[in-house]
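**Student:**
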Amino acid sequence: MKGTTQGLLVLLTEKDSSIKCYAIEQLIQSLPNSWPLMVDYLDKITVLAKLTTFPSHLQAARLASIVCYYYGDSERALEYALLSKQLFDVAADDKYTRKIVSFAFQKYIQNMQKNIPISEDHQVLVQRCIENLLKNKKYSQVLTLSIETHMKGINKDRFRTVPEPCKWRNYIMSRNRHE
Numbered sequence: 000m001k002g003t004t005q006g007l008l009v010l011l012t013e014k015d016s017s018i019k020c021y022a023i024e025q026l027i028q029s030l031p032n033s034w035p036l037m038v039d040y041l042d043k044i045t046v047l048a049k050l051t052t053f054p055s056h057l058q059a060a061r062l063a064s065i066v067c068y069y070y071g072d073s074e075r076a077l078e079y080a081l082l083s084k085q086l087f088d089v090a091a092d093d094k095y096t097r098k099i100v101s102f103a104f105q106k107y108i109q110n111m112q113k114n115i116p117i118s119e120d121h122q123v124l125v126q127r128c129i130e131n132l133l134k135n136k137k138y139s140q141v142l143t144l145s146i147e148t149h150m151k152g153i154n155k156d157r158f159r160t161v162p163e164p165c166k167w168r169n170y171i172m173s174r175n176r177h178e
């Protein structure tokens, strides 16, 4: 595996985009075992992730995020998870996803409290996470996170589907009516 990973990493320096796309795809599949080898190429991966003209820039962002996560850099892991947009699967149940989702909410709330602008990608990720919790009927978590993040618009329509026995459904509905 080590030799294969190193060979794939070298392909990232090729001029042909299709070769780089292939390498990114294969490197993602070689995770988590090969991430230590990828750290030395992280700068190259992140350049591809930010290069929107590169056909696999979203996959490169996903790869960069996962490598940063294993390296212990939560800030950069979140940054590249946001860049990977829909490729970051909020419904996945693994340590990486749980860590990034948790950190995303933490940073969102922190930025909100400090009046630091929150990027649209960050807002979309938080909304997707809340939608996923709602879909999975984790209503208490939805309520808590909706209050913490001041997510109101998403809740008004979505909470109509919450079963009546949920004691806080009426609270959410009335809260949204008054704001």
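When you line the sequence shown up against numbering that gives the first Met the number 0, it's residues 0 to 178, in that order.
Backbone N, C-alpha and C fix where the C-beta goes; we use that ideal spot for every residue, glycine too.
1) Taking C-beta to C-beta, are L11 and K43 nearer than 8 Å?
2) Can the beta-carbon of T52 be found less than 8 Å from the beta-carbon of A63?
3) Classify F104 as helix, strand or coil using the three-state DSSP reduction.
4) For Q58, which residues of its own chain have a beta-carbon under 7 Å away from its beta-carbon, when the five flanking residues on both sides are left out?
5) In whole angstroms, give me the CA-to-CA distance for L124 and Q109.
6) Classify R179: buried if its beta carbon has 16 or more other beta carbons within 10 angstroms, exposed otherwise.
7) Could you check where the alpha helix (DSSP H) with D120 kicks off and where it finishes?
8) Would you grab the beta carbon distance between M180 and L82 for me? Rounded to a whole angstrom, and I think it's under 8 Å.
9) By Cβ distance below 7 Å, which residues in the same chain neighbour E13 in space, the five residues on each side in sequence not counted?
10) So what does DSSP say about N110, is it helix, strand or coil?
11) Among Y70, K84, S73, which one has its Cα closest to the Cα of S118?
12) On the DSSP letters alone, give me the boundaries of the alpha helix (DSSP H) that E147 sits inside.
13) Can you check which of these residues, L47, H56, S145, is closest to F104 by C-alpha distance?
14) Take E74 and list the residues in its own chain whose beta-carbon comes closer than 7 Å to its own, dropping the five residues that flank it on each side.
15) Could you tell me if G6 is buried or exposed, where buried requires 16 or more neighbouring beta carbons within 10 angstroms of its beta carbon?
16) Taking a contact to mean a Cβ-Cβ separation below 8 Å, would you say P54 touches S101 in this structure?
17) Could you spell out where the alpha helix (DSSP H) holding A60 opens and where it closes?
**Tutor:** Working from what's here:
1) Result yes, Cβ atoms of L11 and K43 sit closer than 8 Å.
2) Cβ distance not < 8 Å, so T52 and A63 don't count as in contact.
3) Annotated three-state conformation of F104 is helix, per DSSP.
4) Spatial neighbours of Q58 in its own chain (CB-CB distance under 7 Å, excluding positions within 5 residues in sequence) are listed in chain order as I23, E24, I27, L86.
5) If you draw a straight line from the Cα of L124 to the Cα of Q109, it comes to about 15 Å.
6) Past the boundaries of the shown model lies residue 179; the chain is included only from 0 to 178, so the question cannot be answered.
7) Run containing D120: 119-134, per the alpha helix (DSSP H) assignment.
8) Given a span of 0 to 178 for the chain in the structure shown, any question on residue 180 remains unanswerable.
9) Answer for E13: K19, listed in chain order.
10) Correct three-state label for N110: helix.
11) Closest by C-alpha distance to S118, out of Y70, K84, S73, is K84.
12) Element bounds for E147: 138-148.
13) Nearest C-alpha to F104: S145.
14) So the list is empty, once near-sequence residues are dropped.
15) Here G6 is exposed. Its C-beta has fewer than 16 other C-beta atoms within 10 Å.
16) No; because the gap between Cβ atoms is not below 8 Å, this pair is not in contact.
17) Per DSSP, A60 belongs to the alpha helix (DSSP H) from 56-70.
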